[in-house]
Amino acid sequence: MLAAAAGSPHTIIIARVIMGIGAALIMPSTLSTITAVVHPDHKGRAVGIWAGFASAGSIMGLLISGLLLEHYSWRSTFIGTAAMAAVSLLVTVALVPDTKSAEEPAPDFPGPV
């Protein structure tokens with residue numbers, strides 16, 4: 001939403017940096033959730049489905065952004081992204097079980113980098 005409300009190029013750049021950091025953290029966190037939640041016999045299939053949807057989402061994002069830009073302001077692409085992120089968060093909270101183990105390992109801060 002910061003990018004959609006941006007009044008200057010600097011604000012858009014800052015917003016895009018934040019979005020890039022978030023995007024970089026999405027793939028490993030969703031993959032680790034899948035491997036923690038899915039039964040070992042079905043992990044290969046689950047990871048394949050995950051990879052397929054990730055690829056399809058990348059392509060659909062470009063197509064939908066093009067349609068939005070054709071009919072609305074450039075800000076609509078950022079509003080659409082924020083709306084889909086909010087829906088994804090709500091669905092994740094509602095459907096994904098807690099996967100926290102009894103033994104909590106130390107945080108791996110360099111791992112995502």
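Letter 16 of the sequence shown, counting from 1, is numbered 16 in the UniProt record's numbering, and no numbers are missing. Ideal Cβ placement from N, Cα and C applies to all residues, glycine included. Quantities reported herein were computed from a predicted structural model and do not represent experimental measurements.
Nearest-angstrom Cα separation, counted from residue j out to residue i
i     : j      : result
Val47 : Thr33  : 11 Å
Thr11 : Leu2   : 8 Å
Tyr72 : Gly111 : 39 Å
Met27 : Leu68  : 25 Å
Ala51 : Ile79  : 25 Å
Given residue i as reference, the closest of the options once Cα atoms are compared
i      : options                : result
Ala54  : Thr30, Ile18 and Ile13 : Thr30
Asp98  : Ala15, Ala36 and Gly7  : Ala36
Phe109 : Phe78, Leu25 and Val17 : Leu25
Residues near residue i in its chain [Cβ-Cβ closer than 8 Å; skip 5 each side]
i     : result
Ala82 : Met1 and Ala4
C-beta contact flag for residue i and residue j at 9 Å
i     : j     : result
Ala23 : Ala15 : no
Ser65 : Thr77 : yes
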